[in-house]
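The sequence shown finishes on residue 476 if you use the UniProt record's numbering, and the numbering steps up by one all the way, no holes.
Ideal Cβ placement from N, Cα and C applies to all residues, glycine included.
Owing to the predicted nature of the structure, the values given are computational and were not obtained by experimental measurement.
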Amino acid sequence: MSRPVLHWFRRDLRLTDNTALHHAAKSSAQVIPVYILSDWKQHHGWTGPNRQQFLCGNLESLAKNLEALGSRLIIRCGRADAELERLIRETQAEAVYFNRDYDPYGRAMEKRVQELCTRLDIECHSHQDSVLHEPDAVLTGSGLPYRVYTPYSKNWLNQPKTAPHGRPRTLGPAAPATVTSLPLPTLEHWQLPPCTAQIPAPGERAARERLKHFISSGILHRYGQERNLPAGQTTSMLSPDLRYGLLSIREIYQRCQEALVDESGKPQPAAAQASIQTYIKELAWREFYMAILWHYPHVFEQEFAPDWVGLPWPGTDSDFQRWATGTTGFPIVDAGMRQLLKTGLMHNRLRMITAMFLTKDLHCDWRLGEAFFMQQLVDGENASNNGGWQWSAGTGADAAPYFRIQNPWLQSARFDPDGLYIKQWVPELKDVPAALLHEPPKPGLPLAKGYPLPMVDHHAERDRCLAIFAKHKEER
Ligand code: FAD
Numbered sequence: 001m002s003r004p005v006l007h008w009f010r011r012d013l014r015l016t017d018n019t020a021l022h023h024a025a026k027s028s029a030q031v032i033p034v035y036i037l038s039d040w041k042q043h044h045g046w047t048g049p050n051r052q053q054f055l056c057g058n059l060e061s062l063a064k065n066l067e068a069l070g071s072r073l074i075i076r077c078g079r080a081d082a083e084l085e086r087l088i089r090e091t092q093a094e095a096v097y098f099n100r101d102y103d104p105y106g107r108a109m110e111k112r113v114q115e116l117c118t119r120l121d122i123e124c125h126s127h128q129d130s131v132l133h134e135p136d137a138v139l140t141g142s143g144l145p146y147r148v149y150t151p152y153s154k155n156w157l158n159q160p161k162t163a164p165h166g167r168p169r170t171l172g173p174a175a176p177a178t179v180t181s182l183p184l185p186t187l188e189h190w191q192l193p194p195c196t197a198q199i200p201a202p203g204e205r206a207a208r209e210r211l212k213h214f215i216s217s218g219i220l221h222r223y224g225q226e227r228n229l230p231a232g233q234t235t236s237m238l239s240p241d242l243r244y245g246l247l248s249i250r251e252i253y254q255r256c257q258e259a260l261v262d263e264s265g266k267p268q269p270a271a272a273q274a275s276i277q278t279y280i281k282e283l284a285w286r287e288f289y290m291a292i293l294w295h296y297p298h299v300f301e302q303e304f305a306p307d308w309v310g311l312p313w314p315g316t317d318s319d320f321q322r323w324a325t326g327t328t329g330f331p332i333v334d335a336g337m338r339q340l341l342k343t344g345l346m347h348n349r350l351r352m353i354t355a356m357f358l359t360k361d362l363h364c365d366w367r368l369g370e371a372f373f374m375q376q377l378v379d380g381e382n383a384s385n386n387g388g389w390q391w392s393a394g395t396g397a398d399a400a401p402y403f404r405i406q407n408p409w410l411q412s413a414r415f416d417p418d419g420l421y422i423k424q425w426v427p428e429l430k431d432v433p434a435a436l437l438h439e440p441p442k443p444g445l446p447l448a449k450g451y452p453l454p455m456v457d458h459h460a461e462r463d464r465c466l467a468i469f470a471k472h473k474e475e476r
C-alpha cells in the first residue's frame with residue numbers, strides 16, 4: 001500500500017467542497033486528518049471564550065463527521081511545523097495538504113511548513129480554498145494592489161468563479177492507534193473562562209442549515225432593501241461559518257447564482273436579483289480586506305493611510321469602559337455593544353456605529369476597539385475587523401474622507417425607527433416611546449430609571465474630532 005498523506009485542517013473545518021482535502025483524497029488511499037491547536041499564550045488578549053467555544057464545537061463536529069467516514073481526527077498542540085514534522089515521521093506520510101490562509105501569521109507558518117517538506121523531501125500541496133479570488137489575482141491594470149474597494153470589486157466580480165468539488169466518499173483507514181491524539185479541547189486549553197454568550201450552533205451541518213434558511217426564507221431576496229436594518233434577521237449570519245470554513249465560499253456563491261431563478265426556472269423579480277448581486281458584493285468586501293492585509297500587513301499596527309500615522313487618540317480608559325459595557329447613554333450604541341456581549345455577534349450597521357462612536361465621539365484609539373471586538377466576536381477575522389475599524393476611524397482603505405462622521409442619533413432614527421432593536425438589547429428602554437430613543441433627552445432627565453444620560457454631546461465631539469485630524473494634518 002502507498003504511504004499516507006496528511007491533511008492539515010486550519011480554517012476549513014468541513015468535509016464538503018474542501019479543496020485540499022478533495023485533492024488529498026484523490027491522491028492517496030489514506031488521508032490522515034490533523035488539527036493543531038495553538039498555544040494559549042499565542043492568542044492572549046486577541047480572542048475570548050465566544051470564538052474559542054465555537055471552535056471547540058466545530059472540532060467536535062468535524063471529529064464526528066470524520067469518524068462517520070471511518071477516519072480519525074488527530075489533534076496536536078504546538079507550533080504547526082514542529083507538530084507536522086513529528087506526525088510525518090510517525091506516519092511515514094509522503095505529502096502534506098492544506099488550504100492557504102492569507103493573514104500574516106498564517107502565511108508565515110505556511111512558509112515554515114513548505115520548508116519542512118523540502119527538508120524532509122516530501123510533497124507539500126497548498127490550495128486556494130477560503131476565497132473566490134486570491135489577493136494576487138485581483139490587481140490593477142498595472143499589476144498593483146487596489147487601495148479602494150469599488151474598482152477592486154468590479155475586477156473581482158468580472159473574474160470567472162470556480163465550481164464546488166463535493167465531498168470525499170472516503171479518506172481510507174483511520175491512523176493506527178500508535179498515532180496519538182489529544183482529547184477534543186475545552187476552553188481550559190486557552191485558560192479562558194466559560195462562554196456565557198448565546199453563540200451560534202457549531203459544525204458543518206448547522207452552517208448548512210443557516211445557508212438554507214437564508215436563501216429559502218427569502219432573506220437573500222430582500223437583502224438589498226433590508227440588510228441595514230438591525231432588528232430581526234435581515235442578513236445571512238454566515239460570517240462565523242466563513243471564519244471557520246464550515247461552508248465553502250464557492251458553494252455560497254453557487255447557491256446565490258441558483259437563487260436568481262425560482263423553482264420553476266423563472267427569473268426572480270428585478271429587486272430580488274439586485275439583492276443577490278448586493279449580497280455577492282458583500283462577499284467581495286471580505287476578500288478586499290484580506291487583500292489589503294496581504295499587500296499592506298503594516299495595517300495591523302499602523303494606520304493604512306500614511307496621512308494619519310501617529311494621529312493622537314486622547315480618549316480615556318473610563319470612556320472606553322462605558323463603551324465596552326454598553327452604558328454610554330446613546331441607546332443605539334448601547335444596544336449594539338450589548339448584542340455583542342450577549343451573542344458574540346453584532347449587526348454590520350451597528351459595528352460601524354459603535355466603532356465610529358468610540359473613535360470619533362470618544363476619541364479612543366481604534367486599536368483598542370479592534371482588540372475588544374477580537375476578544376468578543378465569534379466571527380472575529382483579522383482582515384475584516386482591522387478593515388472595519390480603520391474604515392470607521394477614518395484612517396483606512398476608503399474613498400470617503402475622514403470628516404465623514406456619522407451622527408448616532410440620526411443613524412438610530414434611520415435604521416431602527418421603531419426602536420425594536422434597541423428595546424431588544426436594552427430592556428431598560430422597553431417602555432420608552434420610539435421617537436424619544438433617537439434624540440438626546442432633556443438635560444438631567446434620563447430616558448428611563450437606571451439608564452444613564454448620554455456621556456457626551458455628539459456635536460461638540462464631532463468638532464473636537466475634526467480639530468484633532470486637522471491639527472495632525474497641519475503639523476505633518
Ligand atoms: P452579511 O451582510 O450577510 O454579509 C455576507 C458576508 O459578507 C459576511 O458573512 C462577511 O463574510 C462578508 N461581509 C459583509 N460585510 C463585510 C464587511 N464590511 N467587511 C468584510 N466582510 C464583509 N466581519 C467579519 O467576518 N469578522 C470581523 O471580525 C468583522 N469585524 C468588523 C468590525 C467592524 C468595525 C466593522 C464595521 C465590520 C466588521 N466585519 C467583520 C464586517 C461585517 O460587519 C460582518 O461581516 C457582518 O456583520 C457579518 O454578518 P453577516 O454574515 O450576516 O453579513
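query, result
"In the DSSP assignment, find the beta strand (DSSP E) that holds L84 and state where it starts and stops.", "Unbroken run through L84 is the alpha helix (DSSP H), A80 to T91; no beta strand (DSSP E)."
"Which residues share a DSSP beta bridge with Y35?", "F9 and I75"
"What residues are listed by DSSP as bridge partners for C124?", "V96"
"Can you find the residues in the same chain that come closer than 6 Å, C-beta to C-beta, to A397, ignoring five residues on each side of it along the sequence?", "R147, I292 and F304"
"Please determine, among Q233, A259 and C77, the residue with the shortest C-alpha to C-alpha distance to T186.", "C77"
"Any heavy atom of the ligand FAD within a distance shorter than 7 Å of the CB on R351?", "yes"
"Within 8 Å (strictly less), CB to CB, does D121 reach chain C?", "Going by chain labels, chain C is absent from the structure shown, which holds only one protein chain."
"Within the same chain, show all residues whose beta-carbon is closer than 8 Å to that of V309, passing over the 5 residues directly before and after it, in chain order.", "Q302 and E303"
"What residues are listed by DSSP as bridge partners for V261?", "P267"
"Mapping DSSP to helix, strand and coil, what is L171?", "coil"
"Leaving aside the five residues before and after M109 along the sequence, list all residues of the same chain whose C-beta is less than 6 Å from its C-beta, in chain order.", "A80"
"For the candidate residues N50, P312, I276 and L238, whose alpha-carbon lies nearest to that of L157?", "I276"
"Evaluate P331 with the Cβ neighbour count: other Cβ atoms within 10 Å of its Cβ, from every protein chain shown; 16 or more gives buried, anything less gives exposed.", "buried"
"Got a sec: does the ligand FAD put a non-hydrogen atom nearer than 7 Å to the Cβ of L293?", "no"
"Between R351, W409 and D379, which lies nearest to W389 when the distance is taken from Cα to Cα?", "R351"
"Taking its Cβ as the centre, do 16 or more other Cβ atoms sit within 10 Å of S217, making it buried, or is it exposed?", "exposed"
"Please confirm whether R462 and I405 have their CB atoms less than 8 Å apart.", "yes"
"DSSP three-state call for L283: helix, strand or coil?", "helix"
"Report buried or exposed for E381, applying the criterion of at least 16 other Cβ atoms within 10 angstroms of its Cβ.", "buried"
"Just how far apart, CA to CA, sit P104 and Q114?", "15 Å"
"Would you decide whether E287 is buried or exposed? Buried here means 16 or more other CB atoms lie within 10 Å of its CB.", "buried"
"Would you say N385 touches the ligand FAD, meaning its beta carbon is less than 7 Å from a heavy atom?", "yes"
"Would you say I32 and I74 are within 8 Å of each other, going by their C-beta atoms?", "yes"
"Rounded C-beta distance between L436 and L447? I'm assuming under 8 Å.", "6 Å"
"How is the alpha helix (DSSP H) around C195 delimited, first residue to last?", "Taken as a continuous stretch (DSSP letters only), C195 belongs to no alpha helix (DSSP H), as it is neither H nor E."
"Which residue comes first and which comes last in the alpha helix (DSSP H) that contains E67?", "P49 to A68"
"Under 8 Å, with one C-beta from each stretch per pair, do the region 95 to 102 and the region 1 to 21 reach the 3-pair mark?", "yes"
"Using C-beta distances below 8 Å, list every residue in its chain close to F54, excluding the 5 sequence neighbours before and after it, in chain order.", "I199, P200, P202, P240, Y244, G344 and V378"
"For the structure I just gave you, are there three or more beta carbon pairs, one from the region 218 to 232 and one from the region 81 to 96, closer than 8 Å?", "no"
"In or out: V261 buried (at least 16 other Cβ within 10 Å) or exposed?", "exposed"
"Using only CA atoms, which one of L358, H472, E439 and V131 lies nearest to S318?", "L358"
"Could you pull the DSSP bridge partners for L139 from this structure?", "P145"
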